Each structure stands twice: as structure tokens, then as C-alpha cells.
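Residue numbers (our numbering): 20 to 477.
Worksheet: the structure to be examined is printed underneath.
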RNA sequence: GUGGUUGUAGCUCAGCUGGUUAGAGCGCCGGAUUGUGGUUCCGGAGGUCGCCGGUUCGAACCCGGUCUUCCACCCCA
């Protein structure tokens, strides 16, 4: 019995036009990754569970897809665990592998495993799918691509400066103007928590602060109170809610607030360095903004935090993010290797380009010329011709069967082919072929002996 | 994981308080047009109304479950 086929929630098929568009984005990102000196690596789709679990916080663990063990896994579970009906204790006994959740943690694992063959500083890029057992929404999928570039083994702030330039280069090339690169620093957040006397509640404090532009000052303060942050502490943090001015002005305000926090002042100094060097270099189409409310990836970021917002008016979550993690490889046993990196969200960039109609029009063209098929003899001559054209670098195809000409023209239309070739009995007799421009309707005759002459049309 | 929302032809959607054979536009196929597409005209095919169950004389419509979509949380690319 035929069943209706389906694909899992949050996954997608990609048809030719979509793959072309995705490749267009990937090629652009890849090109700039390479030009900045990054080298490609790839890691497996799935990792040992203990490589991933515990690296993304409790919430992250929940979203990791776990892979069932092979074989008769259930009989190996002891009775107590089996009858406990507790997923948390049962899961590790029946699942030892998991789909990767991002590219950063597997990269850290890679660096540790290959430390003796890597030349540091190591700049790598990686473009692969990752999986999250999240509830899908627009721009949120359970399988999606990340395009990451990271540097390990160098703690110069010039790396951060470079990543800002890299974001600018890619988004400029894609024609995605006015993206905002938001910049913050974990040390500033730590400093704030320290100054207001809430160091032990750093995460709660920053997660609430992160929502400022979304739910407003009042609700943020309510959430802070509910998390156990004292009214006094919130009062001390109040300058954060009213930060104004450009990046340098905001940094001045932060200095006043953080003057008694060594770590906070260090964060301010780092931000200042990145902003001022970037200012000197200039940016093509993006804007770099300090945003003290930005609090992402706190489970491992220790310095800079990046997030890229789509141009104003586009309703889409962040299209990129990243930051510095001083000791990510530490959990895998390699101490004191600093890393910093960024990620491009391919699937979201796609949606934004689509919404703003920024894909080049000729992406849909998969063929330069289609040769129509007039019959057996003509078809033989035609296939010889298109083989010549292919050698010239022209994407050429022959309509395979001798069906009615209007139908063949319609097919050419639908394939978005700019030129068709007519090679019928009369042309064959003249040792010639006719090229028709499908946009203007103009036709021009060429000699079969000199097919290269049609290059003039391109 | 919590709460809500959506699903009708390939696509976008109509379909009244439950009432015979579920409609339109676009697309598709055929013809007008056997060597000229995009325009026009004529004709045609295509539906387990997401799926399973229930209520009812009768369900696309009401109820329950489930899957899917999107939204708000959570979190995040």
C-alpha cells in the first residue's frame, strides 16, 4: 500500500533553484574565508555523546539529538534503570552517540586530537550541517548549516578586528547592506555583575539584560528581581538601561560604572581597542555597535561576543554570531589555547536575501544554450555541435527527443535558457545552425565549421 | 519542554449556523499552430478536504488524539 511520504519536522528538501542560491551564498562566504587565510576542515556528523553533552548548558543538552545504540541495546540496561522510567538515567545507557549541535565544540575536540600536527596559530573554516531538537519556527530548523571561521592559538585582539572585517566583506558582497555587527565583552558583563554585587548571578543577570530591546526596561527589572537580584544591585546597574551615544561615548559611560572592577576595565579596554582599530580601517556596508545587553554563548565565551543583526525592518533572528573562548580546549585536556571565531547562519541569510530580493537574477540559469531536436540526422549533427560548445565552456544541452517544436521552445523558456539553437534539415544541408536569442527573438546563422563564432553572443 | 495556531487540486486560496455530484485563479496536459516559445481562444486531467477515531440521519465544517506549519516562551544560526 502506497504511503504518503513525508520528511521530519524542521527539515527541508532543496530543489535546483534553492541549491543554486544556497551555493551562491556558500561560495561567497568560502571565498572570503580563504582570502582571510582560513583553511577548511570537516568533522563527523555525529560525535561521542560525552564530547557534546555538558558543553552547552542544561538547555543545550536537551536540544542535542541522541542516537540510539545499535544491536539489542535495551537488554543491556540494568533492571533498576529500566524500570525507573527516568529518561536522564536511561538515555546514557542506550545512547552513546549524538548529532553535532554546532561546529565549535567538535572543532575544539579536533584541535586537541590533532594538536601535534597543527601549526599554531591555526585558522580554520568549516561549512557543515548541525542539528538541534528545537521546536521549528521561521528561520529555525532542526537541521541547518553553520559556516564557521575560528582562530586558535593567538590571543591578539587583531583577530577580533579581522572577524569584523570578514563579516563586512561577506555581507557587502552579498549586497546585504546595513547589517549591524553587535559587539560586547564577557569581561564587561562580569565586571558589571561584580560592581553591583551580583557576581554569583551573572548568567541570570545577563540573560535578563539581553532582553532589554525586546521586552523593555520594566520587564527586565522584574525578571531580575524574580531571579533573586537585589533592588540595590539593579539600581546600581541602571546606567546600562540608558546607555546612549556612539561606541566611544558608551565606552566612557562604562568606564565610570566599572572603575572599581579590574576585569570590567579590562573588558572596556578590549572593546576600545577593537572599535578604534576598526574605525581606522573603516567598514564598507556594515555598522559595528557596542551593545552591552548582548549576552550569547556565555557557557564558553570569555572575551568578545559578536552577533549580527539583519538590516532594520527584516524580521529575523541573528544571522551570525561568535566570540572569544579562552579555554574551550581545556575541557578536552589542552590548556591555555585561546580561540576566537564567528559563524554565518546560511539558512537565515538565505531567507533575508530572498525577502529583500537580493539574489542575482541569472542564478536561475542552469543552461546557456538548448539545441532543439528536429529528427534523427539533425540530432546527430546537434550532439556533435553541443559537444564542441561544451568544450568552449558553454553550458549546452540537446533536447533529447524529436517532439514538436513549440513544446521544445516552451521547455527552453521554463529552463530560463537565454539562447536556443535550431539545426533542422535546411541548416544541415547548408552546414549551418541558427541561434535564437530567447529574450529579443533575434536569430543569427552560424557555420557548423566554426561553432566558436557564437561566443560573440555571450 | 510549555501555551497557542495552521492544514481543502502541483501552487495561492474560496467553501455561509453541519445538508446532494467540494469550487476559483495560476500551473499542468491536449487542440487552434507537423520549423518558432512568451500573448490569445477552446477543451481536458487532477481531491482518501493532513491522518486516525468519535458525535450525528448526514462532517471539509463539531469533539478527541496525532502529524505538520507558523507564533509566543525557553533557547538560538
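From the three backbone atoms N, C-alpha and C, an ideal C-beta is built for every residue, glycine too.
Keep in mind that this is a model prediction, so the values were computed, not measured.
{"Asked": "Cβ of residue 19 within 8 Å of Cβ of residue 209?", "Found": "This structure cannot speak to residue 19, because the chain is shown only from 20 to 477."}
{"Asked": "Determine the DSSP secondary structure at residue 61, reduced to helix, strand or coil.", "Found": "coil"}
{"Asked": "To which residues does DSSP link residue 148 through a beta bridge?", "Found": "164"}
{"Asked": "Could you check which residue in 23, 30, 35 has the C-alpha nearest to that of residue 383?", "Found": "35"}
{"Asked": "For residue 431 and residue 415, what's the separation of their Cα atoms in angstroms?", "Found": "12 Å"}
{"Asked": "With which residues is residue 309 paired in a DSSP beta bridge?", "Found": "202"}
{"Asked": "I think residue 121 touches residue 165, with their Cβ atoms under 8 Å apart; what is that distance to the nearest whole Å?", "Found": "6 Å"}
{"Asked": "CB residue 362 to CB residue 341, shorter than 8 Å?", "Found": "yes"}
{"Asked": "Distance, Cα to Cα, residue 171 vs residue 328?", "Found": "25 Å"}
{"Asked": "CA-CA distance, residue 455 and residue 424?", "Found": "13 Å"}
{"Asked": "DSSP on residue 268, reduced to helix/strand/coil?", "Found": "helix"}
{"Asked": "Between the alpha carbons of residue 255 and residue 220, how many angstroms are there, rounded?", "Found": "15 Å"}
{"Asked": "Starting from the Cα of residue 90, find the closest Cα among 400, 114, 205 and give me that residue.", "Found": "114"}
{"Asked": "Should residue 24 go down as buried or exposed, given a rule of 16 or more other Cβ atoms within 10 Å for buried?", "Found": "exposed"}
{"Asked": "Considering only residues of the same chain and omitting the five flanking positions on each side of residue 253, which have a CB-CB separation below 6 Å?", "Found": "240, 243"}
{"Asked": "Could you tell me which of 238, 310, 278, 314 sits nearest to residue 265, measuring between CA atoms?", "Found": "310"}
{"Asked": "Taking the straight line between their C-alpha atoms, what separation do you get for residue 400 and residue 440?", "Found": "12 Å"}
{"Asked": "DSSP on residue 394, reduced to helix/strand/coil?", "Found": "coil"}
{"Asked": "Is residue 99 helix, strand or coil by DSSP?", "Found": "helix"}
{"Asked": "Run the CB neighbour count on residue 413, radius 10 Å, all protein chains shown included, and call it buried at 16 or more, exposed below.", "Found": "buried"}
{"Asked": "Measuring CA to CA, which of 64, 191, 73, 97 is closest to residue 302?", "Found": "191"}
{"Asked": "I need the DSSP call for residue 429, collapsed to helix, strand or coil.", "Found": "helix"}
{"Asked": "According to DSSP, is residue 182 part of a helix, a strand, or is it coil?", "Found": "helix"}
{"Asked": "Measuring only the C-alpha atoms, how far is residue 269 from residue 263?", "Found": "6 Å"}
{"Asked": "Looking only at C-alpha atoms, which of 107, 185, 116, 402 sits nearest to residue 70?", "Found": "116"}
{"Asked": "To the nearest angstrom, report how far apart residue 55 and residue 184 are at their CA atoms.", "Found": "9 Å"}
{"Asked": "Identify whether residue 285 lies in helix, strand or coil by the three-state DSSP scheme.", "Found": "helix"}
{"Asked": "How would you label residue 397, buried or exposed, when you count the other beta carbons within 10 angstroms and need 16 or more for buried?", "Found": "buried"}
{"Asked": "Residue 58: buried (16+ other C-beta within 10 angstroms of its C-beta) or exposed?", "Found": "exposed"}
{"Asked": "Please report the straight-line C-alpha distance between residue 486 and residue 37, rounded to a whole angstrom.", "Found": "Because the chain here runs from 20 to 477, residue 486 falls outside it and cannot be looked at."}
{"Asked": "What distance in whole Å lies between the Cβ atoms of residue 351 and residue 180, which are believed to be in contact at a cut-off of 8 Å?", "Found": "Actually they do not touch by this definition, with Cβ atoms about 28 Å apart."}
{"Asked": "Mapping DSSP to helix, strand and coil, what is residue 196?", "Found": "coil"}
{"Asked": "Helix, strand or coil for residue 469, going by three-state DSSP, please let me know.", "Found": "coil"}
{"Asked": "By Cβ distance, which residues of its chain are closer than 7 Å to residue 93, with the 5 residues on each side in sequence left out?", "Found": "113"}
{"Asked": "Reducing DSSP to helix, strand and coil, say where residue 230 ends up.", "Found": "coil"}
{"Asked": "Take residue 409 and list the residues in its own chain whose beta-carbon comes closer than 6 Å to its own, dropping the five residues that flank it on each side.", "Found": "415"}
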